[in-house]
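S.K.:
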Amino acid sequence: MIELVFFDWEQHESVFEYELEERQRRFTIMPIEALKRFQNHPNSYPIVITFFLYPVGFFLLQDGEIAKHYYDTENKMIIRSLSVHPAFQGVGIGKKAMLLLPFFVKQHFSQIKELFLLVHKKNKRAEKLYKKVGFEDRGICKEGPAGIQKMFHYVLK
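With our numbering, letter number 71 in the sequence shown gets 121, and the count goes up by one each step, no holes.
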């Protein structure tokens, strides 16, 4: 059973135990790096992906000024730093987590009307996943730290 839960240091510290391969680290940062960078930001919400209550993945949801930096409109939330433990990759956990995300956001952030994220143009695996779960490529690109990134959108219903 896969669930999305807010990060808690006592319950989810094991999410820091995995390392991604170098090719994956080109496209995302590790959970501990994301937490260090954004732990004191009021509009940053660390989320853990659990598999039968065991932490197997991580990402950040961010709104407010952080989201506006990328996409200047109200009621939007950006998804950042998504990673799944390598031992649990390829079995649909990332896909299931992204399918659960709209319901999670509606439950906890009722003011949010749209989710968006940025995908490095060379990260075809991620692009395929996001399209599969309903994210839309509207042709918007942004310059990122490692090159051009495509923006994908998901309108909450």
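Positions of the beta carbon are idealized from the N, C-alpha and C atoms, including for glycine. Just so we're clear, the structure is a prediction, and the values are computed from it rather than from any experiment.
(1) In terms of alpha-carbon separation, which member of Ile162, Ile116, Pro92, Gly144 lies closest to leucine 54?
(2) Could you spell out where the alpha helix (DSSP H) holding proline 96 opens and where it closes?
(3) Would you decide whether serine 133 is buried or exposed? Buried here means 16 or more other CB atoms lie within 10 Å of its CB.
(4) Below 8 Å CB to CB, which residues in the same chain sit around isoleucine 26 once its five sequence neighbours on both sides are set aside?
(5) Return the CA-CA distance between threonine 123 and phenylalanine 88, expressed in angstroms with no decimal places.
(6) Alpha carbon to alpha carbon, how far is asparagine 173 from glutamine 161?
(7) Sorted by chain position, which residues of the same chain lie with C-beta nearer than 7 Å to valine 106's C-beta, five sequence neighbours on each side aside?
(8) What residue from Thr78, Phe153, Phe57, Asp58 has the CA that sits closest to valine 169's CA?
M.R.: According to the data block:
(1) In the sequence shown, the residue the question calls residue 54 occupies position 4. Checked all of Ile162, Ile116, Pro92, Gly144; the closest Cα to leucine 54 is Gly144.
(2) Along the sequence shown, read from residue 1 onward, the residue named residue 96 stands at position 46. No alpha helix (DSSP H) contains proline 96, which is instead part of the beta strand (DSSP E) from 94 to 101.
(3) Your numbering for residue 133 matches position 83 in the sequence shown. In summary, serine 133 is buried, with 16 or more beta-carbon neighbours lying within 10 Å of its beta-carbon over all protein chains present.
(4) A query on residue 26 cannot be resolved here, the shown segment of the chain reaching from 51 to 207 and no further.
(5) Mapped onto the sequence shown, residue 123 falls at position 73. Mapped onto the sequence shown, residue 88 falls at position 38. If you take the alpha carbons of threonine 123 and phenylalanine 88, they lie about 21 Å apart.
(6) One-based indexing of the sequence shown puts residue 173 at position 123. One-based indexing of the sequence shown puts residue 161 at position 111. For asparagine 173 and glutamine 161, the distance between alpha carbons rounds to 30 Å.
(7) In the sequence shown, residue 106 corresponds to position 56, counting from 1. The residues are Ile99, Thr100, Val134, His135, Phe138, Ile143.
(8) Residue numbering aside, residue 169 sits at position 119 when the sequence shown is read from its first letter. Ranking Thr78, Phe153, Phe57, Asp58 by Cα distance to valine 169 puts Thr78 first.
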